[in-house]
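>
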Amino acid sequence: DRGSQFRSRKQARALHRHGLVGSMGRVGAAGDNAAMESFFALLQKNVLNRRSWATRQDLRIAIVTWIERT
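For what it's worth, the working numbering labels the leading residue of the sequence shown as 32, then goes sequentially.
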């Protein structure tokens, strides 16, 4: 997504505050996002859609466990 919200000064400041660097794929290059889209689809199917968690920490543990086993 190349929406204005991802190019805004507010977004840039938030990334900088957390020590992150933003990047965008090329226009019309769907393959740039294929790996991440696949990862998040599998995460949603195998973790997020299976149940709900009482706390963020419980969810974090479930995600980390899934990543380490995959």
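We treat Cβ as the ideally placed atom computed from N, Cα and C, and that holds for glycine.
If I measure Cβ to Cβ from methionine 93 and keep anything under 6 Å in the same chain, skipping five residues before and after, which residues do I get?
Working through the sequence shown from its first residue, we reach residue 93 at position 62. Correcting the residue type first, residue 93 is alanine in the shown sequence and not methionine. Contacts found: Val78.
> Where does threonine 96 sit, in a helix, a strand or coil, going by DSSP?
As a first step, residue 96 is located in the sequence shown; it is residue number 65 there, counting from the start. If DSSP states are grouped into helix, strand and coil, threonine 96 belongs with the helices.
> DSSP state of asparagine 80, grouped into three classes?
In the sequence shown, counting from the first residue as 1, residue 80 sits at position 49. Coil, per DSSP.
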